[in-house]
Structure formats: C-alpha cells, structure tokens
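Asks: Here's a structure for you.
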Amino acid sequence: MSLVQSLIAAHRRGERVGLYSVCCSNEQVLCAAMQVAQRYDTVLLIEATSNQVDQFGGYTGMTPAQYRDFVLQLAREQDFPRERLILGGDHLGPNAWQQRPAAEAMALARELIAAYVAAGFHKIHLDCSMACADDPTPLPDEIVAARSAELARVAERAAADAGLPPPVYVIGTEVPVPGGEASLGGGVAVTAPDAAAHTLEIHRLAFLAPDLAPAWERVIAMVVQPGVDFDHSLVQRYDPQAARALSAFVEGQPRIVFEAHSTDYQSEDALHALVRDHYAILKVGPAATYAYREAVFALAAIERELLPAEQCSDLVEVLDRCMRERPAYWNKHYHGDERQLRLLRAYALSDRSRYYWGEPEVQAALQRLIDNLRRTPPPTILLSQFMPEQQRDVEAGRLQAEPLALIRHRIHGRLAEYARACARNGIGSENETSAAKSLS
Numbered sequence: 001m002s003l004v005q006s007l008i009a010a011h012r013r014g015e016r017v018g019l020y021s022v023c024c025s026n027e028q029v030l031c032a033a034m035q036v037a038q039r040y041d042t043v044l045l046i047e048a049t050s051n052q053v054d055q056f057g058g059y060t061g062m063t064p065a066q067y068r069d070f071v072l073q074l075a076r077e078q079d080f081p082r083e084r085l086i087l088g089g090d091h092l093g094p095n096a097w098q099q100r101p102a103a104e105a106m107a108l109a110r111e112l113i114a115a116y117v118a119a120g121f122h123k124i125h126l127d128c129s130m131a132c133a134d135d136p137t138p139l140p141d142e143i144v145a146a147r148s149a150e151l152a153r154v155a156e157r158a159a160a161d162a163g164l165p166p167p168v169y170v171i172g173t174e175v176p177v178p179g180g181e182a183s184l185g186g187g188v189a190v191t192a193p194d195a196a197a198h199t200l201e202i203h204r205l206a207f208l209a210p211d212l213a214p215a216w217e218r219v220i221a222m223v224v225q226p227g228v229d230f231d232h233s234l235v236q237r238y239d240p241q242a243a244r245a246l247s248a249f250v251e252g253q254p255r256i257v258f259e260a261h262s263t264d265y266q267s268e269d270a271l272h273a274l275v276r277d278h279y280a281i282l283k284v285g286p287a288a289t290y291a292y293r294e295a296v297f298a299l300a301a302i303e304r305e306l307l308p309a310e311q312c313s314d315l316v317e318v319l320d321r322c323m324r325e326r327p328a329y330w331n332k333h334y335h336g337d338e339r340q341l342r343l344l345r346a347y348a349l350s351d352r353s354r355y356y357w358g359e360p361e362v363q364a365a366l367q368r369l370i371d372n373l374r375r376t377p378p379p380t381i382l383l384s385q386f387m388p389e390q391q392r393d394v395e396a397g398r399l400q401a402e403p404l405a406l407i408r409h410r411i412h413g414r415l416a417e418y419a420r421a422c423a424r425n426g427i428g429s430e431n432e433t434s435a436a437k438s439l440s
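Here the sequence shown stands for residues 1 to 440, where the numbers follow the working numbering.
Structure follows, in structure tokens:
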C-alpha cells in the first residue's frame with residue numbers, strides 16, 4: 001500500500017486526516033511548501049498540470065522527467081525527505097489538444113500519461129471530461145469513463161515497463177475548470193448524489209476488463225463539485241449544509257474519498273470542514289502563486305520608497321508590459337476597458353500573471369529587485385507599511401529581512417492553512433498563532 005493509499009485508508013477509518021495538493025511549478029512556492037510540510041509533519045503532494053508540463057515541455061518548458069528532477073533538486077536543497085514527497089499529474093488527458101479530433105487528441109494523451117508515469121508520478125488524475133473537436137457537446141459520461149479507462153491501461157503498462165509501483169487514480173466527470181471560473185455568475189452547484197453515483201458506476205463498468213481490475217482497486221478518489229470555486233474577483237465559500245447529501249453518499253462507498261478542486265481562497269475553517277466532510281484531497285494552485293505575487297509586489301513597493309528611480313527594478317511595470325506584449329495566457333479570460341484589464345492582469349484571483357514569471361525580462365527584473373534589497377535591506381518602517389505580518393516576525397527575531405525569506409513567509413501563511421486542515425495530529429485553526437510562528 002502506497003503512502004497515498006495509507007492516508008486515504010486512515011481517513012476512511014475515521015481519522016481526521018487529508019491530503020493537500022500543491023499544483024505549481026513556481027520555485028519559491030515549492031520551497032515554501034516543503035518548509036510547511038516539514039513544520040506540520042505532513043506528506044507533500046506536488047502536482048503538475050497538463051498545460052504546465054507535457055511531453056513537449058508545456059508552458060514551463062519541462063517534460064515530466066525534467067519536472068521530477070527539478071522538484072527533487074529543490075527537495076535536496078531544502079533537506080526535505082524524498083519518502084514524504086509524492087508527485088502527481090493533474091488534468092491528464094486530452095485537455096491541451098481539445099481543438100483537435102478526438103483520435104488525435106487521445107493519441108497525444110496516451111503519450112502524456114506514459115511520460116508522467118514513467119517519470120515516477122504516482123497520483124494520476126484521469127481527466128477526459130472535455131469534448132474534442134469532433135465530439136458531441138456535452139460529452140456523454142460513458143465516453144469520459146471509457147477514455148479514462150483507456151488511459152489507465154497505458155499508465156499500468158508504463159509503470160510496469162519502468163519497474164515502478166503502480167499508480168493510484170482519481171476519476172470524475174464533473175471537473176471544475178482548471179484555474180477557476182471566468183465568472184461565477186449565479187455560483188456553482190453542488191454535485192448531486194445521483195450524479196456522483198452514476199459517475200462511479202460507469203467508471204466501474206469501464207474498468208471491468210481483467211487487465212484493469214487491479215487499477216480499479218487503486219482508484220482512490222473522485223472529483224466532484226462541493227460548491228467551492230472562484231473567478232477573477234469573487235470566491236464561492238463552502239457551505240457544509242449544501243454539501244451534506246453528497247458527503248453522506250461517499251460514506252457508503254468503499255475505499256474512495258472526494259477530491260476538491262478550486263479550493264483556493266477558502267477560509268481555514270472551510271478547509272477543515274471540507275476534510276471532515278470527506279473532501280479529503282484539497283487542491284491549491286493560484287492562491288499560492290497569488291501569495292507569491294503579493295509578496296513580490298510588496299517588495300517592489302518597498303524598493304520604490306527606498307531607492308532612486310533609476311536604480312529600481314520596475315518589476316511591476318516589466319511584468320505588465322510582458323503580459324501586454326504576449327497576451328495569449330490572459331486575453332481570452334480578462335475583459336473590460338484598459339483600466340479594468342490592468343487591474344485584472346495584476347490582481348485577479350485567477351492569477352494569470354503566474355504564466356509570466358519565467359519570462360527572461362521578468363526574471364531579470366525580479367533578480368534586480370532581490371539584489372537591490374539585499375544590498376539595502378528593508379527598514380522596519382517600510383516592512384510595517386507593506387508587509388506587516390512579516391515585519392512582526394522580523395521584529396521578534398523569527399524571520400530575516402531577506403527578500404526570498406520574506407516571499408516564502410508570505411506563501412507559508414496560505415499553505416499552512418492547508419497543512420493544518422490535513423495534518424494527522426488534528427492541528428486546528430485555533431492553534432494558528434503558535435504553529436505559524438515557527439515557520440520562519
């Protein structure tokens with residue numbers, strides 16, 4: 001039994017334990033996640049999404065094997081135990097190739113799954129919920145399940161060929177849009193228990209072939225909509241009453257739990273409630289890079305106050321210029337006049353600026369910002385103005401006023417909420433103050 005399966009089994013036995021998934025490729029976010037997992041004695045599940053990392057490089061430029069090596073190198077640098085690190089693949093399927101005919105998109109999806117599993121990714125989210133160019137819309141659940149089973153067969157073969165333990169799987173048809181909604185509008189509805197039952201049954205039938213029976217025993221979770229999501233400026237909060245019937249449904253099912261996507265920006269109390277109600281795998285992505293962006297922008301504001309204009313990095317302006325010059329990652333998502341677009345590019349909860357931190361000019365501006373503030377450390381009065389939480393820990397001697405330490409501390413605050421909600425020791429939000437203090 002793998003570490004993931006052990007945690008899910010513990011949850012099913014009644015332990016208040018969950019698994020949080022950091023879906024990110026940002027180096028500072030991943031380093032902060034490792035520090036948080038060390039502090040709270042949790043395992044760390046790091047997932048790459050199918051648009052971040054694929055057999056051609058994705059938007060990060062990394063294949064699955066390269067991403068694995070990148071994460072393992074960070075773990076070595078952070079002295080994070082390899083045995084507590086789990087790699088996962090999120091939204092693995094034809095997602096990146098939806099505009100192509102189904103046969104072509106699924107051929108590419110098979111290559112994608114094989115590359116992930118061969119690279120040692122253990123938790124595999126089989127996501128065939130999207131319609132391809134020649135598919136009916138909406139895509140029937142039976143097709144979703146059949147394609148998922150097809151990809152599971154590829155994953156099983158890839159693990160065996162690589163001499164690796166077989167993966168665990170997450171299934172589902174009601175999969176939220178990666179990265180949040182374009183607009184919440186009237187909100188999102190909780191998955192109906194009947195719909196969840198249908199999804200589970202059609203996947204069970206699709207996995208009936210003898211060679212897939214062992215894979216079905218390793219299906220650990222199903223993606224459902226517990227009524228949580230976010231768009232560019234709004235967050236739909238978890239309502240336990242609205243999700244009660246769905247929670248009751250999974251209690252009667254053997255082995256599995258629910259996986260909750262788009263839990264970004266939920267309160268810590270809501271995260272604890274989600275785990276309690278069997279949404280035991282919590283995904284976080286944009287909220288972590290949003291915290292990173294907040295910290296970097298705060299440091300840029302300090303830099304502007306501290307140094308002559310000609311010495312400044314102009315990071316905020318460089319980032320926005322890069323986004324305007326290469327709008328492919330945001331222009332289909334953000335709408336409005338130029339003032340509104342500028343605000344969304346910088347501050348939207350969907351945080352599509354996360355696609356641009358690796359651009360050479362943005363990297364150069366960031367490095368200049370860091371170098372400037374290492375040569376001229378931020379004084380207490382400016383930290384108090386722009387990074388008050390960090391200033392308190394600097395003043396108490398728990399944190400250095402060093403740029404990367406300040407950035408990671410900001411990210412800690414967000415990820416620690418997930419760790420406390422999922423930790424075996426049942427650390428509650430009421431212990432936040434004493435627990436968070438040691439993170440720096």
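Just so it is clear, CB atoms sit at the ideal spot from N, CA and C, and this is done for glycine as well.
Hey, quick one: how far does the beta strand (DSSP E) through Gly88 stretch, first residue to last?
Replies: Start at 1 with the first residue of the sequence shown, and residue 88 comes out as number 88. Start and end: Leu85 to Leu92.
Asks: Run through the stretch 140-172 for me and flag every whole alpha helix (DSSP H) of 4 or more residues, listed as ranges in chain order.
Replies: The stretch 140-172 contains these whole alpha helix (DSSP H) runs: 141-162.
Asks: Considering only C-alpha positions, which residue in the set Cys31, Gly14, Arg39 and Leu7 is nearest to Arg420?
Replies: The residue labelled residue 420 in the question sits at position 420 within the sequence shown. Comparing Cα positions, the closest option is Arg39.
Asks: Considering only the beta carbon of each residue, do Val4 and Lys123 sit closer than 9 Å?
Replies: Here residue 4 is taken as the residue at index 4 of the sequence shown, counted from 1. Here residue 123 is taken as the residue at index 123 of the sequence shown, counted from 1. In contact: Val4 and Lys123 (Cβ atoms closer than 9 Å).
Asks: Helix, strand or coil for His11, going by three-state DSSP, please let me know.
Replies: Taking the sequence shown and counting its residues from 1, one reaches residue 11 at position 11. Three-state DSSP puts His11 in a helix.
Asks: Looking at the structure shown, is Ile370 part of a helix, part of a strand, or coil, going by DSSP?
Replies: As a working mapping, residue 370 is identified with position 370 in the sequence shown. It is helical.
Asks: Could you name the residues of the same chain whose beta carbon sits closer than 7 Å to that of Phe70, not counting the 5 residues immediately before and after it, in chain order?
Replies: Here the question's residue 70 lines up with position 70 in the sequence shown. Cβ neighbours of Phe70 beyond the five flanking positions: Met62.
Asks: In whole angstroms, give me the CA-to-CA distance for Ala32 and Asp134.
Replies: On the sequence shown, residue 32 is found 32 positions in, with the first residue counted as 1. On the sequence shown, residue 134 is found 134 positions in, with the first residue counted as 1. Straight-line Cα distance between these residues: approximately 43 Å.
Asks: Quick one: using the 10 Å Cβ neighbour count with 16 as the cut-off for buried, is Gly14 buried or exposed?
Replies: Numbered from 1 along the sequence shown, position 14 holds the residue referred to as residue 14. Exposed is the call here.
Asks: DSSP has Glu47 in a bridge; who is on the other side?
Replies: Within the sequence shown, the letter at position 47 stands for residue 47. Glu47 is bridged to Cys23 and Gly88.
Asks: Could you tell me the distance, in whole angstroms, from the CA atom of Ala280 to the CA atom of Pro379?
Replies: Here residue 280 refers to the residue found at position 280 when the sequence shown is read from its first residue. Here residue 379 refers to the residue found at position 379 when the sequence shown is read from its first residue. Going by the C-alpha atoms only, they are around 42 Å apart.
Asks: Count Cβ pairs between the stretch 117-132 and the stretch 151-163 that sit closer than 8 Å; are there 3 or more?
Replies: Short answer: they touch.
Asks: Within the present structure, is the beta-carbon of Gln38 separated from the nearest heavy atom of the ligand NAP by less than 8 Å?
Replies: Because no ligand of any kind appears in the structure shown, any question about the ligand NAP cannot be addressed here.
Asks: My output table needs one value for Ile220: the three-state DSSP class, helix, strand or coil.
Replies: Stepping through the sequence shown from its first residue, residue 220 is reached at position 220. In this structure, Ile220 counts as strand in the three-state DSSP scheme.
Asks: How close, in whole Å, do the beta carbons of Arg354 and Pro286 come, if the pair is a contact with beta carbons under 8 Å?
Replies: As a first step, residue 354 is located in the sequence shown; it is residue number 354 there, counting from the start. As a first step, residue 286 is located in the sequence shown; it is residue number 286 there, counting from the start. Right, the Cβ-Cβ distance comes to about 7 Å (below 8 Å), so this counts as a contact.
Asks: Below 9 Å between beta carbons: does that hold for His125 and Val170?
Replies: For the purposes of this step, residue 125 is taken as the residue at position 125 of the sequence shown. For the purposes of this step, residue 170 is taken as the residue at position 170 of the sequence shown. Taking 9 Å as the Cβ cut-off, His125 and Val170 qualify as a contacting pair.
Asks: For Phe56, which residues in the same chain have their Cβ closer than 7 Å to its Cβ, ignoring the five residues on either side in sequence?
Replies: Here the question's residue 56 lines up with position 56 in the sequence shown. Answer for Phe56: no residue qualifies.
Asks: Whole angstroms are fine: how far does the CA of Ala396 sit from the CA of Pro94?
Replies: Translated into positions along the sequence shown, residue 94 becomes position 94. Translated into positions along the sequence shown, residue 396 becomes position 396. Using only the alpha carbons, I get a separation of about 50 Å.
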